[in-house]
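Residue numbers (this note's numbering): 9 to 431.
No residue lacks a Cβ here, since even glycine has one placed at the ideal position from N, Cα and C.
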């Protein structure tokens, strides 16, 4: 019943199809080479999985809905497995706690940390069961989704060293490196190994990104830290061997995955660790004596209601997909592009123009047009500009009366070297 409610909720909420993931995933599914032709500074896991999903289910909203729900639903299944000894009331409140916090943090999205949430409890379980290699492989998969999951790998290795298990720490770290090395080997086999290294390990640390770095507000800190309290208390009270998955390992994994939000404190980057927090909340609510458990229930219920209120206040329950099909004007633009003669499309819009219109970029080369700080790497900006100047290229941007192009709502279409396209 709880899983069914989960599905019903997310099908009504708007999915966010972040173009940094969805457009590269579409282009990869159409045969462009990742890192050589698709320039992106993240590891390839999420983009590659989406490319496979597009190949299997088509480039459409239904595929994005499935992709956005897969990780959180698997995480919810893991929560229910870890809480199966508890009462229905405790399990229901723990699930509500997870759902409210996850979706209030914009977790209904096509984004790496959303997928990563499915790995949180299995990583903690592997650590508790003395399987460092398995834990390392799972952490390596998380890193393949987003490099900053390495925070969790480092924390786990340090914890094993503190526990005087240096061999396990070495095994964990070695296994955690394998998924990236395997992907690098595959990219090297097709001639893109150097490109992958450059864009995933060199570019993120050498190209200044003009993104705000700021001290989080008190409200943001509270939203990040307060959900940890039940699990932290449980980790302090729990006896060794009381549960198959130790609370201290759940806390370790949750902390490592939540660190991904540093330094921007974007709440979407915190969702990967929430399944561990939900299990900790359930355990504390089930503790004896019952008078103490009542306080735990009150705290968890308060957090759940407050985050659910935030979610309800900002939610639009129409099941549409942001940056994909939520704007009538954007849909009209896409419909017009689909009727035009074949040709590459260069778009300076944020939305997913290329996958929606079924087009490829000029010169089979793409970097997000709003991320100008990457234009100098591999001369990608100059190369795209040169390819976009070739006759027949369709240019799509915001409306500008000076260009004389075809106007579609707030947008404009022009064809290089030709007359304005006929309406």
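Measuring alpha carbon to alpha carbon, tell me which residue in 249, 394, 361 is nearest residue 406.
The sequence position of residue 406 within the chain shown is 398, counting from 1. It is 361.
With DSSP as the reference, label residue 9 as helix, strand or coil.
As a position in the chain shown, residue 9 is number 1, starting the count at 1. If DSSP states are grouped into helix, strand and coil, residue 9 belongs with coil.
For the alpha helix (DSSP H) that residue 227 lies in, which residues bound it at each end?
Here residue 227 refers to the residue found at position 219 when the chain shown is read from its first residue. Run containing residue 227: 226-233, per the alpha helix (DSSP H) assignment.
Does residue 189 pass the burial test, meaning 16 or more other C-beta atoms within 10 Å, or should it be called exposed?
Taking the first residue of the chain shown as position 1, residue 189 is located at position 181. Its Cβ having fewer than 16 others within 10 Å, residue 189 is exposed.
Can you give me the C-alpha to C-alpha distance between residue 327 and residue 116, rounded to a whole angstrom?
The residue labelled residue 327 in the question sits at position 319 within the chain shown. The residue labelled residue 116 in the question sits at position 108 within the chain shown. In a straight line, the C-alpha of residue 327 is about 11 Å away from that of residue 116.
Is it buried or exposed, residue 296, if we count other Cβ atoms within 10 angstroms and call 16 or more buried?
Position 288 of the chain shown, counting from 1, holds the residue named residue 296. Exposed, since its Cβ has fewer than 16 Cβ neighbours within 10 Å.
In whole angstroms, what separates the C-alpha of residue 43 from that of residue 75?
For this step, residue 43 is matched to residue 35 along the chain shown. For this step, residue 75 is matched to residue 67 along the chain shown. Those two C-alpha atoms are separated by around 22 Å.
At 4 residues or longer, what runs of the alpha helix (DSSP H) sit wholly inside the segment 306-368?
336-347, 361-365
Compare the C-alpha of residue 153 against each of 122, 183, 164 and name the closest.
Working through the chain shown from its first residue, we reach residue 153 at position 145. Residue 153 has its Cα closest to that of 122, out of 122, 183, 164.
Relative to the C-alpha of residue 269, which residue among 159, 202, 424, 60 is closest?
Residue numbering aside, residue 269 sits at position 261 when the chain shown is read from its first letter. Residue 269 has its Cα closest to that of 159, out of 159, 202, 424, 60.
I need the straight-line Cα distance from residue 390 to residue 384, nearest angstrom please.
Taking the chain shown and counting its residues from 1, the one referred to as residue 390 is at position 382. Taking the chain shown and counting its residues from 1, the one referred to as residue 384 is at position 376. The alpha-carbon atoms of residue 390 and residue 384 are separated by roughly 8 Å.
Alpha-carbon spacing of residue 424 relative to residue 341, whole angstroms:
Taking the chain shown and counting its residues from 1, the one referred to as residue 424 is at position 416. Taking the chain shown and counting its residues from 1, the one referred to as residue 341 is at position 333. When rounded, the distance between both Cα atoms is 18 Å.
Can you tell me whether DSSP reads residue 403 as helix, strand or coil?
As a first step, residue 403 must be located in the chain shown, where it is residue number 395. Three-state result, residue 403: strand.
Tell me whether the beta-carbon of residue 289 lies closer than 7 Å to the beta-carbon of residue 102.
Locating residue 289 in the chain shown gives position 281, where the first residue counts as 1. Locating residue 102 in the chain shown gives position 94, where the first residue counts as 1. Going by C-beta atoms, residue 289 is nearer than 7 Å to residue 102.
So what's residue 394 in DSSP terms, helix, strand or just coil?
On the chain shown, position 386 is the one that residue 394 refers to. If DSSP states are grouped into helix, strand and coil, residue 394 belongs with the helices.
With 16 other CB atoms within 10 Å as the buried threshold, where does residue 12 fall?
The residue given as residue 12 occupies position 4 in the chain shown. Classification of residue 12: exposed, given that the 10 Å Cβ count is below 16.
Using the C-alpha atoms, what's the distance from residue 242 back to residue 22?
One-based indexing of the chain shown puts residue 22 at position 14. One-based indexing of the chain shown puts residue 242 at position 234. Whole-angstrom Cα-Cα distance: 35 Å.
Taking the alpha helix (DSSP H) that residue 287 belongs to, which residues open and close that run?
The residue labelled residue 287 in the question sits at position 279 within the chain shown. Run containing residue 287: 282-293, per the alpha helix (DSSP H) assignment.
Counting only the same chain and skipping the five closest in sequence on each side, list residues whose C-beta sits under 7 Å from that of residue 127.
Here residue 127 refers to the residue found at position 119 of the chain shown. Result list for residue 127: 146, 149, 150, in chain order.
So residue 86 and residue 235 are in contact, right, with Cβ under 8 Å, and what is the actual spacing, rounded?
Looking up residue 86 in the chain shown gives position 78. Looking up residue 235 in the chain shown gives position 227. Going by Cβ atoms, the distance from residue 86 to residue 235 rounds to 17 Å, so no, they are not a contact pair.
Could you tell me if residue 36 is buried or exposed, where buried requires 16 or more neighbouring beta carbons within 10 angstroms of its beta carbon?
Within the chain shown, numbered from 1, the residue matching residue 36 stands at position 28. Its Cβ being crowded by 16 or more others within 10 Å, residue 36 is buried.
On the CB-based measure, 16 or more other CB atoms within 10 Å of its CB, does residue 378 come out buried or exposed?
The sequence position of residue 378 within the chain shown is 370, counting from 1. It counts as exposed.
Provide the residue span of the alpha helix (DSSP H) that contains residue 188, from first to last.
By one-based count along the chain shown, residue 188 stands at place 180. Run containing residue 188: 174-197, per the alpha helix (DSSP H) assignment.
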